[in-house]
Structures are given as C-alpha cells and as structure tokens.
Amino acid sequence: MSVDREVTVSTVVCAYTDARRELLNNSIESILAQLRPDDQLVVVIDYNDELLARVSGQYGTRATVVPNRNSKGICGARNAGIEASRCDVIAFVDDDAEVQPGWLERLREDYRDPQVTGVGGNAQPVWPDERPAWFPETFNWVVGCSHEGLPVDRAPVRNLLGCNMSFRRDALDAVGGFNSEIGQVGANLMRCDETEMCIRINQETTAPLLLLDPAVKVRHWVSDDRTTWKYFLRRCFWEGYSKRQLSTMVGPSDALSTERQYTVAVLPKALAREIVAGIRSPGRRSGHFGKSAAIVVGFAATAYGYLYATVKSWLPRQR
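As numbered in our numbering, residues 99 to 417 make up the sequence shown, in order.
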C-alpha cells in the first residue's frame, strides 16, 4: 500500500442551526481544502430541513450531505455520520470549528502507528472580542477548547476533545458508536458523550491507545452568550451533572480519573498563581482576582451539579 493510501479519512461535521451558517461554511471549506481524492467529508444535518436543502445545494457535489434519522442530538448525528462514512479513520469537527493548515496530514502521520486507536488535538478559542479578563485558562473546557493542564506534547489520554477528535473505524464499530442517552440535544448543556465513548473504547477494545496531539489544531469560535458569568456557571453545573450520569454508566473510577488529577493538581496551582499575580500586579489585580474567583466558583458549581445529580438519583422517580 502506498503512503497516499496508508490512511483515508472521513471527516464528519454535524450542524443543526442556521444561526451558525457562516461558521459552518468556514468549517466545511477548511476541511475540503485538505482532502485527498480518497478522503471524504460528511455533513450531517440534525432535523433542520431548510438547512439540509441549503447545504446539499451548496456542497452536495463535494461532500456527502445527509440528514440525521437517528435520535435527535449530537450523538445521533455523529452516528449518522459514521453510517455515511467510508474511510479507515473517522474524524469529528464541530460546525463552529475551523481546521488549521496541516491538520489532516498530521492525523495521517499519527495513524501510521498501528497501535493508535484514536487521535485528538488542540482547540484554540476564538473570542468574539477580547477574552474576558476573569475567564481562567483552566476552564477553557467551558467553551469547548483545550484547557491548561492538558499535555503540551503528544501523549496518551483517557478521552479526546469533542470538537477535534478521530477514531479508527473498527474501534467505533466495536463499541457501537455514540450513546444517545447522554450528550447535547440542540442548545442544552448536557455533555460527556465523547468521554463516555472514549471510556468504552478503553474498556471494551484490545490495547487501545487514544492520543492527544497538540499539533492537530482547530480554531473554535466562542459565541457572545458563552462569555458571561451566567453561562460559565450553568455550564459548570451541567458538567458536574453529566459526570454523575457518566459515573453510573462506566463506573466512577474511569469516569473521574482525569478529573481527580485536575482537581488536586491543576486547579490549586492555577488558583495560587492568580492570587500571587494579583498581589504583585496592582494594575491587573481585577483580572487576576477575577480568575481566582472563577476557579473557586467554577469548581463549586461543578461539584454542586454532581451532588445534585447524585441526590436526584436517590429519590424515587415520579410516575
């Protein structure tokens, strides 16, 4: 097999709203520019007939455009993308993310190692204006981007970032794709669907290796509504809530293994750094102390979400 045919890649982009039309176009164009003849772009439209017609008309000759006929939401849409794909590796990119030059070739390079089961990359936030002064880098996951504490070099990880991840087809087939019982539907804030599937790959396949390669880069756009304290706290709460759900599905040991390290090592270090910086830099004190506050209340909101979901699970269900 030639180098050009070592690995072929189907890239899946899922979309559900016209509100991100320009971002979707940018995402599609950035991927199309990197495809080889044997690669494939699959665009899945999640229960939006008008958007389906528009995208089919605009890209139908250069991409495989299909509707989601599975359960509504990101998991069903991604599974529809898997069903429509034909290549060795299936990559997933969000409709508001733009792949950077060399993205696809770097993926191909990583998959030349037959031990690699999945590859994820770096997601750089693109803020609507400036980054909010109070928004800590340790909480970039709130806006779906790479956060402080992740490996800075290529390294094995438990799970990959949803907006920029890929897997070998046989691994996805082995675990049956994404679980629609968890994850985002429309604009809700339920998450952990990609984490749940990555954990199942780790639990159910032979010698899995999920690799984070920071050189596999995308730029991920952050909408105005995600730059507020209100969104920050809601997203943290639902992350905790989702992690509790995840714990019941895959067991707390696997569900919280990465989070324990993040809680005991990454957050305290970041909090101490911001407090010291605020004391030493009076002119930037509000920003550093704002980040300190965000770290504390963000963790508290996440813990509260986990506790709320735990208590809720103990209560008898209403008929």
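Every residue, glycine too, gets a C-beta built ideally from N, C-alpha and C.
From Ile180, Glu292, Gly247 and Pro306, residue whose alpha carbon lies closest to that of Val214: Counting from 1 along the sequence shown, the entry for residue 214 is found at position 116. Checking every option, the nearest Cα to that of Val214 belongs to Pro306.
Between the CA atoms of Gln359 and Ala392 - distance to the nearest angstrom: Numbered from its first residue, the sequence shown carries residue 392 at position 294. Numbered from its first residue, the sequence shown carries residue 359 at position 261. Whole-angstrom Cα-Cα distance: 19 angstroms.
Own chain partners of Val250 with C-beta closer than 8 angstroms, once the 5 adjacent residues on each side are dropped: In the sequence shown, the residue the question calls residue 250 occupies position 152. The answer, listed in chain order, is Pro312.
Asp291, enclosing alpha helix (DSSP H) - first and last residue: Reading the sequence shown from its first residue, position 193 is the one you call residue 291. Run containing Asp291: Asp291 to Glu302, per the alpha helix (DSSP H) assignment.
Same chain, Cβ closer than 6 angstroms to Val111, neighbours up to 5 away in sequence not counted: Along the sequence shown, read from residue 1 onward, the residue named residue 111 stands at position 13. Cβ within range, chain order: Ser125, Val141, Val191 and Asp193.
Sufficient close CB pairs (3 or more, under 8 angstroms) joining the segment 251 to 258 to the segment 268 to 278: no
From Val394, Gly281, Gln301 and Lys315, residue whose alpha carbon lies closest to that of Phe343: Along the sequence shown, one-based indexing puts residue 343 at 245. The sequence as given places Gln at residue 343; Phe does not occur at that position. It is Gly281.
Expected contact under 8 angstroms - CB spacing of Ala221 and Ser244 to nearest Å: Numbered from its first residue, the sequence shown carries residue 221 at position 123. Numbered from its first residue, the sequence shown carries residue 244 at position 146. Between Ser244 and Ala221 the Cβ distance is about 5 angstroms, and since that is below 8 angstroms, they are a contact.
Contact under 9 angstroms by Cβ, Phe276 with Ile143: Start at 1 with the first residue of the sequence shown, and residue 276 comes out as number 178. Start at 1 with the first residue of the sequence shown, and residue 143 comes out as number 45. The answer is no: Cβ separation not under 9 angstroms.
Rounded distance between the beta-carbons of Trp336 and Gly403, thought under 8 angstroms: If you number the sequence shown from 1, residue 403 lands on position 305. If you number the sequence shown from 1, residue 336 lands on position 238. Indeed, because the Cβ distance is near 6 angstroms, the residues count as touching under 8 angstroms.
Backbone secondary structure at Gln156 - three-state DSSP: Against the sequence shown, residue 156 aligns to sequence position 58. Gln156: helix per DSSP, three-state reduction.
Meets three-Cβ-pair contact criterion under 8 angstroms: the segment 149 to 162 and the segment 112 to 124: yes
Where Val409 falls, given that 16 or more other Cβ within 10 Å makes a residue buried: Position 311 of the sequence shown, counted from the start, is the residue given in the question as residue 409. Exposed: under 16 other Cβ atoms inside 10 Å.
C-beta atoms of Trp201 and Gly388 nearer than 9 angstroms: In the sequence shown, the residue the question calls residue 201 occupies position 103. In the sequence shown, the residue the question calls residue 388 occupies position 290. Against a cut-off of 9 angstroms, the Cβ pair of Gly388 and Trp201 comes out as no contact.
Selection from Ala178, Asn166, Val362 and Val395 that minimises the alpha carbon distance to Gly274: What you label residue 274 is simply residue 176 of the sequence shown in a count that begins at 1. Looking at the Cα atoms, Ala178 is the closest of the given residues.
contact_flag[the segment 291 to 303, the segment 312 to 325] where n(CB pairs < 8 angstroms) is 3 or more: no
Reduced DSSP category for Cys334 - H, G, I as helix; E, B as strand; rest coil: Mapped onto the sequence shown, residue 334 falls at position 236. Residue state, collapsed to three classes: helix.
DSSP three-state assignment for Glu104, whether helix, strand or coil: Against the sequence shown, residue 104 aligns to sequence position 6. Of the three classes helix, strand and coil, the one that applies to Glu104 here is coil, per DSSP.
Inter-residue spacing [alpha-carbon to alpha-carbon] between Glu203 and Val217: Along the sequence shown, one-based indexing puts residue 203 at 105. Along the sequence shown, one-based indexing puts residue 217 at 119. Roughly 12 angstroms between the two C-alpha positions.
Contact under 9 angstroms by Cβ, Ser411 with Thr346: As a working mapping, residue 411 is identified with position 313 in the sequence shown. As a working mapping, residue 346 is identified with position 248 in the sequence shown. Cβ distance < 9 angstroms, so Ser411 and Thr346 count as in contact.
Environment of Ser108 [buried if 16+ CB atoms lie within 10 Å]: Within the sequence shown, residue 108 is the residue found at index 10, counting from 1. Buried, since its Cβ has 16 or more Cβ neighbours within 10 Å.
Coil, strand or helix - Glu196 by DSSP: In the sequence shown, the residue the question calls residue 196 occupies position 98. Strand, per DSSP.
Beta-carbon proximity check, Ala398 vs Glu246, cutoff 9 angstroms: Looking up residue 398 in the sequence shown gives position 300. Looking up residue 246 in the sequence shown gives position 148. Their beta carbons are not under 9 angstroms apart, which means Ala398 does not touch Glu246 by this criterion.
CB of Leu331 within 9 angstroms of CB of Val394, strictly: Within the sequence shown, numbered from 1, the residue matching residue 331 stands at position 233. Within the sequence shown, numbered from 1, the residue matching residue 394 stands at position 296. Their beta carbons are not under 9 angstroms apart, which means Leu331 does not touch Val394 by this criterion.
Other residues of its chain near Leu365: CB distance less than 7 angstroms, five sequence neighbours each side excluded: Your numbering for residue 365 matches position 267 in the sequence shown. Here the set comprises Thr236, Ile393 and Phe397.
Thr157 versus Leu248 - alpha carbon distance: Along the sequence shown, one-based indexing puts residue 157 at 59. Along the sequence shown, one-based indexing puts residue 248 at 150. Looking at the sequence provided, one finds Tyr at residue 157 rather than Thr. Rounded to the nearest angstrom, the two C-alpha atoms are 35 angstroms apart.
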